[in-house]
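A quick write-up on the structure given underneath.
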Amino acid sequence: MITAFSTDYHTHTIASGHGSFDTITDLARAAGKKGLRILGITDHAPSFPGSAKESYFRSLLSAPKTKLGVEMRYGVELDILDPEGHVALSDELLSKLDYSIISLHGKVISSMGCEDNTRGMIAAMDHPGVLIIGHPDDDEFPLDLEKLLFYAQKKRVYPEINNASLMPGAYRRGCKKNCTEILRICKKLSLPVFLSSDSHGAKHVGDFSYAIELLSETGFPEELIINRAGGLYPPGI
Ligand SMILES: [Zn+2]
Ligand SMILES: [Zn+2]
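Laid out in structure tokens, this is it:
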């Protein structure tokens with residue numbers, strides 16, 4: 015079983031407007047304690063109620079690249095806004111951030127139906143810097159996973175196995191079943207996955223325990239986990 019990880023690419027600070035008062039520095043400290051080499055900060059885009067404005071994401075362009083000995087990456091968790099894959103930040107800004115996560119959130123839109131949810135996700139992969147498909151594991155937003163992951167592979171975007179989705183009491187539904195299906199398809203395609211904490215605040219930074227449990231249960235190959243220690247690094251991040 016894998017126990018060492020180099021990175022957590024999906025975390026939120028106080029700037030997301032819910033779930034925590036912790037700052038970027040608080041999260042960097044937690045990442046250092048967990049032994050992570052790199053930490054990715056991905057606050058919710060301005061389309062998410064209560065989250066930061068565009069000016070926050072623009073200010074991240076000049077934020078320190080190292081904090082408390084941890085290499086920092088600054089990105090955003092984008093909401094898919096429609097079946098055409100529109101998002102709330104401009105391609106100009108997205109091309110300057112380190113990377114983005116694309117997600118469907120019930121606080122932003124209602125499900126558009128399986129076909130259009132999938133279409134919106136695939137279209138959004140074409141924005142600059144999109145790297146990760148955020149929690150495509152929620153019964154509230156049905157997806158054609160075979161199709162989604164086929165295009166992900168073509169466009170060099172990678173699904174995450176989201177630890178927060180798999181925690182007891184998680185608010186997304188059907189996640190274990192859906193993550194098992196994601197892992198089955200990724201294994202078939204040899205498509206690598208990220209494990210992510212989706213920690214709101216410092217508390218769960220680098221915590222992939224439930225994701226690891228599912229990977230063991232499903233016999234998912236270790237070499238397809240991008241952010242294990244010594245693992246693959248996608249170009250550009
Ligand atoms: Zn999310
Ligand atoms: Zn998130």
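Numbering of the sequence shown is given in my numbering, commencing with residue 15 and proceeding in unit increments. Ideal placement from N, C-alpha and C gives every residue a C-beta, glycine not left out.
Inside the region 186-234, DSSP marks whole beta strand (DSSP E) runs of 3 or more residues at positions 208-210, from first to last along the chain. Judged by beta-carbon spacing, glutamate 91 lies beyond the 8 Å limit of threonine 37, meaning their Cβ atoms are not closer than that value. The continuous alpha helix (DSSP H) containing glutamate 106 extends over residues 105-108. Setting aside the 5 residues that flank it on each side, methionine 126 is surrounded in the same chain by Pro97 and Gly134, each with a C-beta closer than 7 Å to its C-beta; the list follows chain order.
Counting only residues of its own chain and dropping the five nearest sequence neighbours on each side, leucine 163 has a CB closer than 8 Å to the CB of Pro173, Ile196, Ile199, Cys200, Leu203 and Leu205. Residue pairing by DSSP places serine 114 opposite Val90 and Val144 in a beta bridge. At least one heavy atom of ligand 1 is found less than 7 Å from the C-beta of glycine 148. Taking a 10 Å sphere around the C-beta of proline 182, we find fewer than 16 other C-beta atoms and assign the residue as exposed.
Along the region 43-89, the alpha helix (DSSP H) occurs as fully enclosed runs of 4 or more residues at 68-73, listed in sequence order.
For phenylalanine 155, the three-state secondary structure derived from DSSP is coil. Taking 7 Å as the cut-off, the C-beta of histidine 24 counts as close to a heavy atom of ligand 2. Between the alpha carbons of glycine 54 and aspartate 151 lies a distance of about 21 Å. Residues whose Cβ lies closer than 5 Å to any heavy atom of ligand 2, listed in chain order: Glu91 and Asp212. By the criterion of a C-beta distance shorter than 6 Å, leucine 157 is surrounded in its chain by Asn131, Thr132 and Pro150, once the five residues flanking it on both sides are discounted.
Linking alanine 66 to leucine 108 through their CA atoms gives a straight-line distance of about 15 Å.
Of the candidates Ser114, Lys81, Val101 and Ala102, Ser114 places its Cα closest to the Cα of glycine 89.
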